[in-house]
Every structure is written in C-alpha cells, then in structure tokens.
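What follows is a short report on a single structure.
Protein chains: 2
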Amino acid sequence: MDQLFYPKSVVVIGVSENPDNLARIIAENLFEFQFNGEIFLVGKREGIFLGRKICTSVDDLKEGIDVAVILTPAHAVPGILEACGRKKIRWAIIETGGFREYSEEGAGLEKEVLRIAKKWGIRIVGPNGIGIINVENGFIVPFVKLKRGTVNKGKVSILAQSGGVSLAYFNLLASANVGIAKIVSMGNKLDLNEIDYLRYLIQDPQTDIIGIYLESLERGRELIEVARSTLKPIILHKANTGEESKLIAKLHTAALANDDRVVEAALKQADIVRAKDFRAFGNAVKILSLPPMKGNSLVVLSRSGGIAIVAADSAEKHGFRLFPLTKKFQDRIASFFRAKVIQPTNPLDLGDLFDFDLYIKILDQVLRIKGVDGILFQHGATGLEKEYSRTLIQKVKELSSRHQKPVALCYFTEDEELAFIKKALDYPIFTEPEDALTALAVSRDHYRKQNVMRKKPPSYPVDHGRAKALLKKAKREKRDLLLSEAFELLQAYGIPVAEYHVIYRKEDLREVMKKMEDPVALKVISLKISHKSDMGGVILNIAHLSGAEEAYEKIRRLTRGDRFGILVQKMVLQGKEVILGARRDPSFGPIVLFGLGGIYVEIFKESSLRVAPINRSGAEEMISESKAINLLKGVRGEPPLDIEALTENLLRLSQLMIDFPEIEGVDINPVKVLEKGAVAVDARILLT
Amino acid sequence: MDQLFYPKSVVVIGVSENPDNLARIIAENLFEFQFNGEIFLVGKREGIFLGRKICTSVDDLKEGIDVAVILTPAHAVPGILEACGRKKIRWAIIETGGFREYSEEGAGLEKEVLRIAKKWGIRIVGPNGIGIINVENGFIVPFVKLKRGTVNKGKVSILAQSGGVSLAYFNLLASANVGIAKIVSMGNKLDLNEIDYLRYLIQDPQTDIIGIYLESLERGRELIEVARSTLKPIILHKANTGEESKLIAKLHTAALANDDRVVEAALKQADIVRAKDFRAFGNAVKILSLPPMKGNSLVVLSRSGGIAIVAADSAEKHGFRLFPLTKKFQDRIASFFRAKVIQPTNPLDLGDLFDFDLYIKILDQVLRIKGVDGILFQHGATGLEKEYSRTLIQKVKELSSRHQKPVALCYFTEDEELAFIKKALDYPIFTEPEDALTALAVSRDHYRKQNVMRKKPPSYPVDHGRAKALLKKAKREKRDLLLSEAFELLQAYGIPVAEYHVIYRKEDLREVMKKMEDPVALKVISLKISHKSDMGGVILNIAHLSGAEEAYEKIRRLTRGDRFGILVQKMVLQGKEVILGARRDPSFGPIVLFGLGGIYVEIFKESSLRVAPINRSGAEEMISESKAINLLKGVRGEPPLDIEALTENLLRLSQLMIDFPEIEGVDINPVKVLEKGAVAVDARILLT
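Which chain is which? The protein sequence lines are A and B, in order.
Residue numbers for the first sequence follow this note's numbering, beginning at 556 and rising by one.
Residue numbers for the second sequence follow this note's numbering, beginning at 556 and rising by one.
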C-alpha cells in the first residue's frame, strides 16, 4: 500500500479549465503541498492548467502511473477505470459521489466498477470521499482547497468514512496543534475498508496514534483482531448509533447500522478508545501523546481553589483517587514558601503563590512521589504573568517527560495567548478541567487494559463428540434443538442443569417421581411447540404423583396427538435468577450475554455483553458491570451466591459458541445461582 | 444595593508603593476601566500612587464614601471596619483571605467582623473573594490585573463564590464573545450571599441572563422561590458535589457540601438550568440569548453528510424529534437547485451545493414551516468560502430573529477565522454539533418548564385537627409516632392504609380474626421497639386463629413486660411494592421521595425526589423518571396498576410535610400499588 500513499506519479481525472471544476482543486492541493511526484491531468476537453496539459483520454498517458484520482460524473467512472486498467494503473481514488448511497442505478454502477477493478487488479479508495492526505510527501488530494501551514506533520493518522468529517478532524487537530501523518476518507468502502487501511497504518513508521471515524462496521471481528495486534493506541468515533441517523447514514455513505451495544463491548475488549464526539477524540489524542497514566492516583495542582473543587468533583466522577499528600511532603516543600499560607491538601491550592519557579519546584516534588501516577495542573494567567507562563509550560513539558508521568495542563487565559502557546510549544493544552480529567481517565484505562485484557480464554475439557452428534442430528432434520437436547448439549459442555428425567409414557411418571424430591415441574418436549410456557407446555410446583398425572394429561391434550416427550424437572427453589445467552452478530460474530433474570429483565432492560471468546477477567467484568451483581453479592444480609460457578458457566458458553458456528443463539433463562453452584433451569438453542 | 454597584466614591484600603502590593492592582483596574466616581487610597505608609495620595488612616477620609474595598492582612480588618463605620461607609468589599476558610482564629476574626458590621449597619461582600466587576460604570475591583477591550458590555451577570472561578467565567464569556453586565465574587458569604445578589440582579435592567457558581447552598429554599419569581433565565454551576471535593471546598471558601440529589431536584423544580461544567455554562448562555425553542421538532441542515449523522445521533440522545420534510417542501425548494442531487431528508445534506445564497433560501423555507421549532445549522468553510460565510452568518442571525426560532450555528473552520467571526458578529457560534444540540435542549426544556412547572400544588381536604392532635401528643411525650398513630395520621391525610385493627388483649384476637380475610400479619406497637421487623416484632402470613395466638405470644415475650399493643393487618397479596417517603433537608426544607420497594431498593439504589410542595405534574414526573414506572405499567402482559392513586398519595404526603414542620421524616414502605388503589402497608413517622 506504500505505492498508494507514496506514489511517484499520479493522474487527476476530471480536470477542466472551468473555474467551477472540482477536480482542479485536487491538482491545486498537490501543488500547494509540493507533492514530490509527477502529476498528469485528464479532462473532457483539452486545455492547460497550472502549466500542465490536460489530456482528453487516459489512453494518451504513459503506462504504469501509480495512482489515478477520479472525480467525474458517476456514469463515466466505469469507462475511465477500464482505461486505467489498460494503462496498468493499480490504485484508483474515486472521489465521485452518486453511487450506492444515491440510487439503485448508482448501486449498479458501483458493482460494475468493482468488477472492472477486480479484472485489472486495481484497488479502490472510495468512491464518494475526498481521498487521501499524506502530510509527509504532500500527496493531498481532497477536492476542497487546503492551505499549507495550517497543519503540521505529526504522528496522528485518521481514517474517516465521510469527507466532511475528515475535514472536521483536519481542522480539529490543526486547532489543537496536533501534528498529522495521514488521513484517508474511505467513502463507500467499495473495495478497501478500515481493516485494510488499519493494517497499513499499524506498520507505518510515521503513525503513532490512529483515529477512526466510522458510520458502519462490517468487519467488526477483524477490527478487534487487528487492533489487538498492536500497541499503538486506536481511537474510534463511531457514529450512526441512533434510529434517526440510520437513514441519513445510508444515503450518505451507504452505511448500515450496527448494534451499538455490541460495538461498545467489542471496543472495550480490543482496548480501542471510544470517543463519543469530536471533542472527546481531540482529548484522547492529546493525552495519548504524553506518557501513560499507570495507576489511579492523581494529584491536582491549582492556582484557583474554586477550580480545584470543580476538578475534584470531576476526578471523583472519573474514578480517580486523590493521592493524600503527607506532612513529610509538606515539610519538604515548606522551605519554598515565603509563608505557610498553603496547606498540604490534594487538590493543592497554589492560589497564594505568585512565583512560578515555586510552581515548578512543587510540581517536580509531586512527580517524584512514587505513588503518584498523574497530575492535573490547573493554571491561569493574565497580564504580565502570561509571559512567565510560557516558560512555566516549557518546564511542565520537560518534567512530564523526565518523570514519565502525564501532566495534563489546563490553562485559563485569553484566546490570543492560547493560540500563541499552542503554536509555539509542542505540548497539549486543555482549557477545561473536565476535558483534562476525561483525558487522564482515557490514558489510565488504556494502560490498564493493555496489561490486563490480553490474557487468553480458558479451554475446558468438554464432551465435544456428544455435542457434535446432537447438533448434526438437528441440522440434518433442519430444526432447532429440543429442550432435552439443549440440556444435553449444555451438560456436554459442563454447564450443570437442574436434575431432570425424560419420559415418553405416563406409566413412567411413578418411577421418576419416586427418584426426585418434590416439587417438580413438567415441561413438554415437542418439535411443534417452541414457546412452551406461553402455550401451557410448562406446569410448575407439582408435589404428588396425582398432580403429575393430571399435568401429563393436560400437556398430552396440548400436543393434539403429535409425537412428544415430557421432561420432569426438580424445581430449584433457592437462589436468584439470571440469564446467560449467546447469539451471532453480523459484524462481530459470536456474542455472549449476561443479565438479570425474571421480571427484572423487562423492568431494567439491562444486560452486559462481550464478543466471544472471553477470558476470565472479561467474564468477571461482565457480571460485575451488570446490576445483577448486587443481587448475587447478597442483599439484606443474605449470604453471597456462587459467582465463581456462574463465571465458569459463562466461559463454557463462550467456548461452545466458538466451537460450533452452526449455533445461532443460546438462551439459558433462568440460570439459578445458588450458594454453591449455578444451574440451568430452562434453555433454548437455535441453529443457523 | 445600587450604591454598591454604582458608587459615587470608593476607598481602596491596603495600598502601598511596594510593587508586590495587591491592593494597588485594585486601584489600577479602576483607572484602566475608567471608573466614573471618586477614588481614595488608604495604606500603612504615606505615599503617592497613580497621582493620588495614600492616606495612612480611614479616619483621615471625608465622611460618607459609598464603598470601601479592603485588602489587608486579616487581623487588621476588624479595626479598619470599625473606622469605616465611624466614617459612615455603608458597603465594604473585603477581599482579604485567611478567615474561616483558613483557621479557628480566622473564624473568630470573621465573627468579630460580622459583629462590627451589624453594629454600624455595614453590608459586606466577601471576605476572601475578588469583589465586584460592573462593566457598565467601570467599577472593577479584583486584585488581578484586567484589561479593557477584552470584554464587552452585555446582558449576562455572574455570581461566583470563588475568585478564580469568577475570572474563569470572565475569560470564558470573553472568549465566546458574550457581553458581561456584572460579576460578583461572593467569597465566604459572611453577610451578603447569592440570594441577596440574585434579588438585585433580577430587578437590574442591565441583566438579562444570570449565571451562578456555588460551592455551597445554604438558603436553597429561598433560591427556589426567588428563581421562580423571575422569567430571566438562571444558570447554576454547582460544584463541591463529591466526597473528595468537600474538604478542599471547606478550606477554600468555607463551603459545606449539599446533598446533590436534592440540589438536582430543586433546580429542576425552579427551572434553573444546571450546568455541569464550564462549557455547559457557556453553551447555555449562548443559546438563551437566542429566541426560545418552543417545542421538540428539530431540523438539521448540514454541509457534511457525515457530520449530519453525528448530529442526528446526538439529537436523538437529547430527545429531539427530527421533523419530517415532505415532498411538498422538496417541490418548493427544488427550483433553487441546479440539480436534484439533494434529497428532502432531515438531516438535510447540503454537501453538493456550493452557492451560499441557496443555503439562506433553504434555511428561510425551513424556518417558515409551522411545525419546526428550531434548527441546527452545521456549516464549514475553508479558503475563499470563509468570506462568503461571514455574510451567510449575518443572514442566519437575521432569519433566526425574524422567525423567532433558534438557529444553533455550528461552524467548522480555522481558529483565526472563528476568532474573527466571534468578534465581528454578535451571534453565538458553536464549534461542535454536540454542544449546539445540548444547548438547544436547554432552550427547549427551559421554555417547556416555564409553561408547565409553575402550576400550583393541589390542596386536598384533610382532617387537619386529628393530625395535629396526634403530633401534639407525641411531641409532648418527646417521642416519634407509634405505628398505629402513623397509620392514623396517614388516614387523616387521606392516604389509605391496608385494613388493620389494634388490640391490647389476646382475647380480642378471635373477634378481630373473624372480621378479616386471611392471611394477616401481626405487628408490635411499642415505644421501645422501633425497628420492629429486625427485632421479630412482625409476623407475617398468619391464616388461622391458633397461628395468630402463637404469634401474639411470641411478640409478648419480645416486649419483656413493657406496655404494648398489637396491630393485626390484612396481608395485601396483590400489587407491586413501592416506597413513598419524606424528610427535611437543611438547605431546601421538606423533600418527598418515591422509589422501588422491596429488595429493589437495595439492588438499584434509585429513587426520585422533589422539594415539597409538588404540583401534579411534579408528582407524575417523579413517578415516571423512576425505574418503578416499568413495574407499574404492567410487565409480561400484566394489567397496568393504579398510578393515578399513587400520584395522589404522593401529593397528599407533600401537603402533610408542608402543614407540619414538626415532622422530620416519613417512610411509607411498602406502599402496595394495586389495579385499583394504592395502600400503605407499613409506615414510620419521626418528629424533629
């Protein structure tokens, strides 16, 4: 892909002398940014632009130009691409809109484009985007006029679906004075998509931080895998999460909506930082360019007691621990103060100090403390102090780097001064404590996850053969699993099921009832009756044989002469109900989920989910982030329940989903969590 | 208070020729901003500063100077104030720190200061703040150097506890190009506090919008009442909400923490806009300077489809309805377009249009639609477009004003251009769709509340005399209410209680059991046993007389010969459990609360609360914002429960709390909500 980002020659197709022509701007940008390769121009009519001849046909070009940038009416694109193929061009950036996102006809055109590309081995960026920006070599081809000097070369690369958003990020990073390496506007992602570009950026030595803006995520599972393969931080801004945005996203870049809860869980698992909006993205980029926050202990230094309070509120919200500064620390810094007006609190109020050298000494002392993982330094200056503050900030930068701890600098001053500082000093500046603390939390979580989340999932010994046989039979008969088969499958995978027996004759009831403690439940086993509870196929709380026989008869009548069996199951009266489940997401593949059982499910509509396979800490996290954890830890002095057993069931379910792609979904509802153990009471297993 | 904000003469006390002297800066600011009154200087040593003599004693001044601004060591303040009193100075702004927020000794000094002030009738601003800023007359007395030209005269006034935060707001508003009327840094609020200043600003013709920053709120109930008395929007940034910030706030401005959930509810009730951070404050100020959003229907216009999607996500999050643009609308604007590349969707993607006159025409058409309440206009420009955009923004301003609908303009461009636009055009500019939509939601909610929330609470006919007698008796005996008295009190206020009978002899059980349907519960009535359930004083599910007699004996043994009664109550088996409660907040007075009952309380730790009295819509809101609403609406096909009856109970409880200040708290737990009716099953009522 180096050829695409560092071409030696490029042809811009669609250029005319008409001042309204957009492809002209592409050429202008290449000149403006002093692109270091050869430039050719092709248009409908002959002409001269920027001293270059406009050819009227691709066929007039020499062979083997590296990249074609195409901005013509959509209907012309297939013919042009065909010509490019003949001329051995291997990369085409198609900026033209009016394809799949616009109409049926456009969708047809797109298919044609893809067919031609495959035929000639051409790889395509777009269509319907603004192409590529590579700050390093000046290969900058948006059809929007950009100006040199507004952006610095740097270490952040951006992948964005939409052209407008690409530009928004361009401005955002420029305004934050964060240097850019590469930007790709991926458009409709007809051929190349985020996974391809991401793979390239991960090995690109110019890129240290990767930002991605997406409206749709088709290859979610791959994204996770690729993201896990690198230590470069990845920040994702995923839009198109609501009902209202679905339609417009489809019209915009032909994007289909994802299940956002799955996206959320998957990103967590892959340690991808999720930015909810543009500002959060900017904050994340800023903080990830500093040393990481390796723990949870924060010190707040502030020139204003009031703002220190705002910061302390926010620190608590983000789960930071304010590191207690000791008497010893106070003694050490006491010598710096002209008077002891300052108390050794955290936040440390510097309000009564007017000598900035002291700030630096104090900051240095705080950074030296072993237990301190990061600093919020809230500074403010007006008038003459502004100049001293420039030196101060330079020192802050040095100290953060020397101690390898992040100092998030939040600076209140006039706009003009801020603009100056940002340009002059290569250090991220925040303007609000809330932003600075959000950013520090991103750094902390990112570091923590890198160290915890990459552990392997466990592999339990299971009866794989038995499971396979059960699934094969159902598959052959083109049906889902029967209740009894579902139970057998769970047991084959070591997930305990509440004691049950299967009978096919009423006469067998007596013997079965003798074996079991009452009360029991009778459940129908039938191909015809899938929602057995709603149909009356489940009868609970049966204490005696006579009751059981009566229930048997009721169920028999229900089946209307069809073949059926009866599952007699011991009622589990103790414990609390939860749900374990699994399904397949079109983008992310197998998902496991956990949540409150019974009526809670409907009241609180909450469950936690993860992409399978999960490791132990993932399973534990799932359980502890659900409200169900409060139920399981024991309420009102009840003893705590067996969360360990539940965790193991969840891990085993994850393993099952990975082993058998033919399972579409599993619903173990409820699982009863007991003081010792956790058993499945009912289950449905659907096949693909 | 006009004399304080518009003094004809002021004396600055604490000035010296020493360049490190801070009181000098106060005088400098008065000169810089061309304060239109007489200025006197007092200091320890004689001297000349800015052409004025520094007197060495207040006693040397003429009588009747309007305001003294004091910045000397704390210990000198009482003496100076005494001298001010003798010279008939009636207003003192004390900027000195080192009082209650610093030490025990400082607290003593503060008391002394207050005593002297009372003696002479001096009203005090501060201590421990940076005083007052009045942009109109140049009465600007912070001890931090400010520069003319950085801020415009305008309609926003700010009350802030902390000096640093006052300055932060000063910068924030300057940077957003929002004009300022007055700022008060209230400091320790020894004498004057937010209520006093707020009353003044409400009648101040220079002030249209009031912003308040508080670390503590001692007179919460008054704040609500004062806020309700005006239509001027009030925005509150309340800090000191966390555990960690409590200590630092106390050290900073001697602020005590409030119960933040009560604050949250109270502000909602008073239609005070709560800003969670500085940015939110800025957003609120910006939007409230535009015409209000009178409904929930939004149209998003965007130059970028991608950003339109981000905006649509955010619009949904904020509960907006995207107004569907019709075919008719499409036809009306079709004539403007050179081609039909644009579809009549909402968000409306303007990406393919490059003529800004069309933008204005389309915006005008959209604003004309009756059902549309507000617009998010997402614009972006680079290069030459920037200049055309200036005209565009001017037109946006005119259209918003002409149609009296808010157009939140979100503009992506380079920093320099943004800075220019902000200075040149008096129209609020947002830089992120998220900010713009948050702001529009503030406008919508503010308008809606103004129209809905000011309805009176109902006044039910109740047996006030009976209630009074019950409370008087308990009060005289210095105890809380007995269970039976609590039930009687609720009944006197029309809150139904599940059928019960009180007996004092075992022999009466038989007759009572005959009268009631079983099962019943036996509950002890005793002065000694307050937590009756935990002590075994409640025995449930009694079906027969023999069981009842056994239970009676058990309870009798529990009371160990003390006087006791037994309450025999019918068990309410149907319905769902909720809690109604009430208590008194030190700042806001009587509070009512509602939440899930039973084990849910502990699992979900959620309840909704309001300051009493509440009106009907307040009570309905309380119920519907609780998770309990899902339970009450009927789950799994169960019939819906009597939310109307529950609402009435809540309103009656509110009335009870207002009528009897001697009630400290009420806990009706559970209330059973039935298909018809809602009855109290247990209750505790504590007296002050």
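Virtual Cβ for every residue (Gly too), placed ideally from N, Cα, C.
This one's a predicted model, so the numbers in the text were calculated from it and none came from an experiment.
B:L1025 versus A:S869 - alpha carbon distance: Note on geometry: alpha-carbon atoms of B:L1025 and A:S869 lie some 47 Å from one another.
Can you give the Cα-Cα distance for B:P562 and B:G1152, rounded to whole angstroms? Taking the straight line joining both Cα atoms gives about 58 Å.
With contact counted as at least three CB pairs below 8 Å, one residue from each stretch, are the segment 699-713 of chain A and the segment 950-963 of chain B in contact? Judged by Cβ distances under 8 Å, the segment 699-713 of chain A makes no contact with the segment 950-963 of chain B, as fewer than three pairs qualify.
Taking only three categories from DSSP, how would you classify B:I1223? Three-state DSSP puts B:I1223 in a strand.
Which residues, taken in chain order from the segment 674-704 of chain B, show a beta carbon closer than 8 Å to some beta carbon of chain A? Cβ contacts with chain A: V699, K700, L701, K702.
What does DSSP give as the partner residues of B:K737 in its beta bridges? Note: B:K737 sits in a beta bridge opposite B:N689.
Given this structure, state the Cα-to-Cα distance separating B:I695 from A:F725, to the nearest angstrom. Looking at the two C-alpha atoms, the distance is approximately 41 Å.
Going straight from the alpha carbon of A:E1066 to that of A:I1134, what length do you get? Taking the straight line joining both Cα atoms gives about 32 Å.
Please classify B:F932: does DSSP put it in a helix, a strand, or coil? For B:F932, the secondary structure class from DSSP, reduced to helix, strand or coil, is strand.
Inspect the beta-carbon positions of A:D1222 and A:A1233 and report whether they are closer than 8 Å. No.
Specify, as a first and last residue, the run of the alpha helix (DSSP H) that A:S844 falls within. According to the DSSP assignment, A:S844 belongs to no alpha helix (DSSP H), since it is labelled neither H nor E.
Fully enclosed by the segment 628-685 of chain A, which alpha helix (DSSP H) runs are 4 residues long or longer? DSSP runs (the alpha helix (DSSP H)) wholly in the segment 628-685 of chain A: 632-641, 659-675.
Using a C-beta cutoff of 8 Å, does B:V865 count as contacting chain A? Cβ-Cβ to chain A under 8 Å: yes for B:V865.
Compare the beta carbon distance of A:T611 and A:T627 with 8 Å and say whether it is the shorter of the two. It is not a contact, given that the beta carbons lie outside the stated cut-off.
Proximity test, Cβ basis, 8 Å: B:E987 and chain A: At a cut-off of 8 Å between beta-carbon atoms, B:E987 makes contact with chain A.
Residues that A:T515 contacts on chain B, provided the C-beta gap is smaller than 7 Å: The first residue shown for chain A is 556 and the last is 1243, placing residue 515 of chain A beyond what the model contains.
Can you check whether the C-beta of B:V566 is within less than 8 Å of a C-beta belonging to chain A? At a cut-off of 8 Å between C-beta atoms, B:V566 does not count as an interface residue with respect to chain A.
With distances taken from CA atoms, which of A:A1106, A:I765, A:G681, A:D1214 is nearest A:A629? For A:A629, the closest alpha carbon among the candidates A:A1106, A:I765, A:G681, A:D1214 is that of A:G681.
Under DSSP, the beta strand (DSSP E) around A:K960 begins and ends at which residues? No beta strand (DSSP E) contains A:K960, which DSSP labels as neither H nor E.
contact_flag[the segment 1080-1100 of chain B, the segment 1136-1152 of chain B] where n(CB pairs < 8 Å) is 3 or more: Counting Cβ pairs under 8 Å, fewer than three are found: no touch.
Would you call A:K823 buried or exposed, if buried means 16 or more other Cβ atoms sit within 10 Å of its Cβ? Residue burial is scored here from C-beta neighbours: A:K823 has at least 16 other C-beta atoms within 10 angstroms and is therefore classed as buried.
Cutting at 7 Å between CB atoms, please list the residues of its own chain near B:D970, excluding the five before and the five after it. Here the set comprises nothing.
Note down, in chain order, all residues in the segment 953-972 of chain A with a beta-carbon under 9 Å from any beta-carbon belonging to chain B. Going along the segment 953-972 of chain A in chain order, one finds F967, T968, E969, D970, E971 with a Cβ nearer than 9 Å to chain B.
Helix, strand or coil at B:G1232 according to DSSP, with G and I counted as helix: Coil at B:G1232, not helix or strand.
Coil, strand or helix - B:G1144 by DSSP: Of the three classes helix, strand and coil, the one that applies to B:G1144 here is strand, per DSSP.
Please classify B:G676 as buried or exposed, where buried requires at least 16 other C-beta atoms within 10 Å of its C-beta. Note on B:G676: under 16 other CB atoms within 10 angstroms of its CB, so exposed under the neighbour-count rule.
Give the residues of chain B in contact with A:L722, contact being defined as C-beta atoms less than 8 Å apart. Going along chain B in sequence order, the residues near A:L722 (Cβ under 8 Å) are S859, G935, T937, F967.
Return the residues of the segment 997-1021 of chain A that lie within a Cβ-Cβ distance of less than 9 Å from chain B, sorted by chain order. For the segment 997-1021 of chain A, there are no residues whose beta carbon sits under 9 Å from a beta carbon of chain B.
Touching by the beta-carbon criterion (3+ pairs, under 8 Å), the segment 917-931 of chain B and the segment 992-1001 of chain B: The way I'd put it, the segment 917-931 of chain B does touch the segment 992-1001 of chain B; three or more beta-carbon pairs between them come closer than 8 Å.
Consider the Cβ of B:Q716: report whether some Cβ of chain A lies at a distance smaller than 8 Å. True, the Cβ-Cβ gap to chain A drops below 8 Å.
Does the Cβ-Cβ distance between B:D826 and B:T796 come in under 8 Å? Contact: no.
Contact set between A:G525 and chain B, taken where Cβ atoms lie within less than 7 Å: Because residue 525 of chain A is not part of the residues shown, which for chain A are 556 to 1243, the question remains open.
Three or more C-beta pairs under 8 Å: does that hold for the segment 852-861 of chain B against the segment 898-917 of chain B? Yes, the segment 852-861 of chain B touches the segment 898-917 of chain B.
Option in A:T937, A:A794, A:V951 with minimal Cα separation from A:I917: The candidate whose alpha carbon is nearest that of A:I917 is A:V951.
Positions along the segment 1168-1193 of chain A whose CB lies within less than 8 Å of some CB in chain B: Within the segment 1168-1193 of chain A, the residues whose Cβ lies closer than 8 Å to some Cβ of chain B are K1182, N1185, L1186, V1190, R1191, listed in chain order.
Run through the DSSP bridge pairs and tell me what A:A1076 is partnered with. A:A1076 is bridged to A:Q1124.
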